[in-house]
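Chains A and B supply the protein sequences, listed in that same order.
Residue numbers for the first sequence follow the working numbering, beginning at 3 and rising by one.
Residue numbers for the second sequence follow the working numbering, beginning at 3 and rising by one.
The C-beta atom is built at its ideal place from N, Cα and C for all residues, glycine as well.
Shown next, in structure tokens, is the structure this report addresses.
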Amino acid sequence: MADYNFSMPCTEDDIRKLRIGDHVTLQDTLFGIRDATQIHMFDKGRETRLDLNGHAVIHTAPNVKKVPVSNSCPAGYQSICIGTTTSARMERFTRPLMERNGVRIIIGKGGLGSDSAAAFKELGGVYLAIIGGTAALETTWIDRILDADLDDLNPESLWQFEIHDFGPLLVAMDANGDSLYDAVRDTAEERRAAALASMGVDT
Amino acid sequence: MKIDLEAIEETAKLLYIRALKVLPDDIKDGFQRLDASETDATGKSILATMIKNIDVAEDTDNLLCQDTGIPIYNVTIGRGVETDGIDLKDAIRKGCARATTEYPLRSSVVHPVTRVNEHTSCGHRVPVINIDFSDQAEELVIEMIPKGSGSENGSFLKMCIPAEGLGGIKTFVIDKVMEAGGKVCPPTIVGVGVGGTADLCSKLAKIAATRPLGSVCGDPEGAKLEQELGRAVNSLGIGPQGLGGDSTSFAVHVEIAATHITMNPVAVNIQCHSARRARATFKPDGVEIGF
């Protein structure tokens, strides 16, 4: 298991060398995206002016404060608390996000499903697990909110963050099609009968 | 005791913000307990980060989690408390909205059809305000729970039939914990409602999920189920964040209600590891803030 440090954006080669169990720390740029953002992008045909090619997106809708535009708040937003949300709801957007926008890394919690695993393998992408519910810590890795597009969807805007030492994040799904979540699910299924038997339930 | 509605509004605001920042001691103790017994390296490392986050939130005076949740206020009115019910609910709603706009917090509440966000954490029938009564003299309690959506989406109801017995209930709980996996932000508190009607059963599951760790079901059969299910859930290997380990749940909590001869309902409502609560107790000599 190796540790990597990526200055974003990254290349397909960078991604294809990652394996489940590795750790990655990101530098420079990260985008925030959420349910409504992707519903509007992929179901309602809206375009973003932001270039996501080769970039990482985190499933998020942050707590922000509207402030006057300044060097530390170029988009007029100050970050208050930024963390992640459950990725599974956004499963069907992984492929279009990669095919149409060139996204290479998706960050979230709880993992993605088999369609995303197939897209990662075919197009060269990974899922990095960040720990849900630890936003106070993650907020300290974000320096500035650089931009907010599709901002009528706030807080589900498309956010551009300037980051430093964002991680280490666990490679939970890789471009080989492997997933740590599948391994855990298989274990749970193997143990299900014994768990029920321990309570006197036959299967 | 006459209730000061301005104090209710201020307290409803304070409780929302406080709940989002400071975890109750029973949850902090629960983390220490899981950390001491976790045998999986990934699980242990995730628990360590969660514990660190609790400290960072307090040190930086920040929210524990970005999810401000669906605001729930549980109001318990004791004997001899004088208040106007409509005004009381209105004051709580105003306090909730002010917490959101003045802090400011992310409003996570939208209209279910138009998906329009009023940016106040309020909407039709939200915040959820539950009113109950106690025989405690001269006391009004408000408990605030910001219920995160990742775990609230891990909510399930099954109208089992009597022929499925207790085995049907146990199987349902295990299968739903497996289905929820890492999506509900484990380690969790698994709330289980057994009995009642469909709506009461779901409500019992929520009461169970938001009970303090260390509390035990008042019914001996429910308490026995808590022990059995607690051990079984943590034998599945789902672990913190669904990435493997022993610490799938802090505990399984059960609440029960009598049911119909033809019914055997079971509901599951899950609380994430950011098991946030805050409580205010109004007495004639002032307001006490705690968990």
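Inset, instruction - Jot down the residue ranges of each uninterrupted beta strand (DSSP E) in the region 206-275 of chain B, minimum 3 residues, whole runs only, in chain order. - result: Segments of the beta strand (DSSP E) lying fully in the region 206-275 of chain B: 251-259 and 266-273.
Inset, instruction - Count the other C-beta atoms from every protein chain shown that fall within 10 angstroms of the C-beta of I108 of chain A, then say buried if there are 16 or more, exposed otherwise. - result: Taking the first sequence and counting its residues from 1, the one referred to as residue 108 of chain A is at position 106. Under this definition I108 of chain A is a buried residue.
Legend entry - Those runs of the alpha helix (DSSP H) which lie wholly inside the region 135-167 of chain A and span at least 4 residues: 137-141
Inset, instruction - Answer with yes or no whether the minimum CB distance from Q34 of chain B to chain A is below 9 Å. - result: In the second sequence, the residue the question calls residue 34 of chain B occupies position 32. It does not; no Cβ of chain A falls within 9 Å.
Inset, instruction - Would you please verify whether the beta carbon of R187 of chain A is less than 9 Å from any beta carbon of chain B? - result: Position 185 of the first sequence, counted from the start, is the residue given in the question as residue 187 of chain A. Closer than 9 Å to some Cβ of chain B, the Cβ of R187 of chain A qualifies, so yes.
Inset, instruction - Would you grab the beta carbon distance between Q138 of chain B and R81 of chain B for me? Rounded to a whole angstrom, and I think it's under 8 Å. - result: Translated into the one-based positions of the second sequence, residue 138 of chain B becomes position 136. Translated into the one-based positions of the second sequence, residue 81 of chain B becomes position 79. Q138 of chain B to R81 of chain B, Cβ: 7 Å. Contact.
Legend entry - Reference E181 of chain B, options B:D27, B:V235, B:M146 and B:I163, closest by Cα: In the second sequence, counting from the first residue as 1, residue 181 of chain B sits at position 179. Per the Cα distances, B:V235.
Legend entry - Contiguous alpha helix (DSSP H) assignments of at least 4 residues, all confined to the region 115-196 of chain B: 151-154 and 167-182
Legend entry - Neighbour list for K67 of chain A in chain B, Cβ cutoff strictly below 7 Å: Position 65 of the first sequence holds residue 67 of chain A. In chain order: P106.
Inset, instruction - With S109 of chain B as the anchor, note down where its beta strand (DSSP E) starts and where it stops. - result: Numbered from its first residue, the second sequence carries residue 109 of chain B at position 107. First-last for S109 of chain B: undefined, no H or E at that position.
Legend entry - Simplified DSSP state of L114 of chain A, which is helix, strand or coil: Position 112 of the first sequence, counted from the start, is the residue given in the question as residue 114 of chain A. L114 of chain A: coil per DSSP, three-state reduction.
Inset, instruction - Just the C-alpha distance for I144 of chain A and R194 of chain A, rounded to the nearest angstrom, thanks. - result: Translated into the one-based positions of the first sequence, residue 144 of chain A becomes position 142. Translated into the one-based positions of the first sequence, residue 194 of chain A becomes position 192. Distance between the alpha carbons of I144 of chain A and R194 of chain A: 41 Å.
Inset, instruction - Please confirm if Y183 of chain A has its CB atom under 9 Å from at least one CB of chain B. - result: Residue numbering aside, residue 183 of chain A sits at position 181 when the first sequence is read from its first letter. By this cut-off, Y183 of chain A is an interface position.
Legend entry - Limits of the alpha helix (DSSP H) - the one that D28 of chain B falls within: Translated into the one-based positions of the second sequence, residue 28 of chain B becomes position 26. Unbroken alpha helix (DSSP H) run through D28 of chain B: D27 to S39.
Legend entry - Buried or exposed (CB count within 10 angstroms, at least 16 for buried), D16 of chain A: Start at 1 with the first residue of the first sequence, and residue 16 of chain A comes out as number 14. Under the 10 Å beta carbon count, D16 of chain A is surrounded by 16 or more other beta carbons and is classified as buried.
Legend entry - Residue-chain proximity (R91 of chain A, chain B), Cβ-Cβ < 9 Å: Here residue 91 of chain A corresponds to residue number 89 of the first sequence, with the count starting at 1. Interface residue, yes.
Inset, instruction - Leaving aside the five residues before and after K123 of chain A along the sequence, list all residues of the same chain whose C-beta is less than 7 Å from its C-beta, in chain order. - result: If you number the first sequence from 1, residue 123 of chain A lands on position 121. Contacts found: A177, N178 and G179.
Legend entry - Through-space distance from I131 of chain B to A277 of chain B, alpha-carbon basis: Counted from its first residue, the second sequence places residue 277 of chain B at position 275. Counted from its first residue, the second sequence places residue 131 of chain B at position 129. Computed Cα separation, rounded: 19 Å.
Inset, instruction - On a CA-only basis, which of A:D204, A:E191 and A:T205 is nearest S237 of chain B? Give me that one, please. - result: As a position in the second sequence, residue 237 of chain B is number 235, starting the count at 1. When only C-alpha atoms are compared, the closest one is A:E191.
Legend entry - Any C-beta of chain B under 9 Å from that of V59 of chain A: In the first sequence, residue 59 of chain A corresponds to position 57, counting from 1. For V59 of chain A, the answer is no, since every Cβ of chain B falls outside 9 Å of its Cβ.
Inset, instruction - Could you name the residues of the region 216-230 of chain B whose beta carbon sits closer than 7 Å to any beta carbon of chain A, in the order they occur along the chain? - result: E230
Inset, instruction - Indicate whether I82 of chain A and Y75 of chain B have their beta-carbon atoms separated by less than 9 Å. - result: For the purposes of this step, residue 82 of chain A is taken as residue 80 along the first sequence, with counting starting at 1. For the purposes of this step, residue 75 of chain B is taken as residue 73 along the second sequence, with counting starting at 1. Cβ distance not < 9 Å, so I82 of chain A and Y75 of chain B don't count as in contact.
Legend entry - Reduced DSSP category for K54 of chain B - H, G, I as helix; E, B as strand; rest coil: One-based indexing of the second sequence puts residue 54 of chain B at position 52. Here DSSP, grouped into helix, strand and coil, assigns K54 of chain B to helix.
Legend entry - Residue range of the unbroken alpha helix (DSSP H) whose run includes V186 of chain A: Indexing the first sequence from 1 puts residue 186 of chain A at position 184. V186 of chain A -> alpha helix (DSSP H) spans L182 to A199.
Legend entry - S118 of chain A at chain B interface by Cβ criterion, 9 Å: Translated into the one-based positions of the first sequence, residue 118 of chain A becomes position 116. No, its Cβ sits nowhere closer than 9 Å to a Cβ of chain B.
Legend entry - Three-pair Cβ contact test at 8 Å for the region 252-272 of chain B versus the region 283-290 of chain B: Too few Cβ pairs lie closer than 8 Å, so no.
Legend entry - Sub-9 Å separation of C67 of chain B and T102 of chain B beta-carbons: Counted from its first residue, the second sequence places residue 67 of chain B at position 65. Counted from its first residue, the second sequence places residue 102 of chain B at position 100. The answer is no: Cβ separation not under 9 Å.
Legend entry - Cβ-based contacts, 8 Å cut-off: residues of the region 57-88 of chain B near chain A: V58, A59, T62, N64, L65, L66, C67, Q68, D69 and T70
Legend entry - Proximal residues of chain A, C-beta to C-beta of A234 of chain B below 8 Å: Walking along the second sequence from the start, residue 234 of chain B turns up at place 232. By Cβ distance, chain A contributes A197, L198, S200 and M201.
Legend entry - N-terminal and C-terminal residue of the alpha helix (DSSP H) that T39 of chain A is part of: The residue given as residue 39 of chain A occupies position 37 in the first sequence. From DSSP, the alpha helix (DSSP H) with T39 of chain A extends over D37 to Q40.
Inset, instruction - Give a yes or no on whether 9 Å exceeds the smallest Cβ distance from C83 of chain A to chain B. - result: Working through the first sequence from its first residue, we reach residue 83 of chain A at position 81. For C83 of chain A, the answer is yes, since a Cβ of chain B falls inside 9 Å of its Cβ.
Inset, instruction - Compare the C-alpha of F163 of chain A against each of A:P170, A:P76 and A:G110 and name the closest. - result: As a first step, residue 163 of chain A is located in the first sequence; it is residue number 161 there, counting from the start. Closest option to F163 of chain A, Cα to Cα, is A:P76.
Legend entry - Amino acids of chain A, ordered along the chain, whose beta-carbon sits closer than 8 Å to that of M180 of chain B: Taking the second sequence and counting its residues from 1, the one referred to as residue 180 of chain B is at position 178. Those are R187, A190, E191 and R194, listed as they occur along chain A.
Legend entry - C-beta neighbour in chain B for K123 of chain A, strict 9 Å: Translated into positions along the first sequence, residue 123 of chain A becomes position 121. K123 of chain A does not count as touching chain B.
Legend entry - Cβ of P64 of chain A within 9 Å of any chain B Cβ: Working through the first sequence from its first residue, we reach residue 64 of chain A at position 62. Taking 9 Å as the threshold, the shortest C-beta distance from P64 of chain A to chain B falls below it.
Inset, instruction - Say whether chain A places a C-beta atom closer than 9 Å to the C-beta of H262 of chain B. - result: For the purposes of this step, residue 262 of chain B is identified with residue 260 of the second sequence, where counting begins at 1. For H262 of chain B, the answer is no, since every Cβ of chain A falls outside 9 Å of its Cβ.
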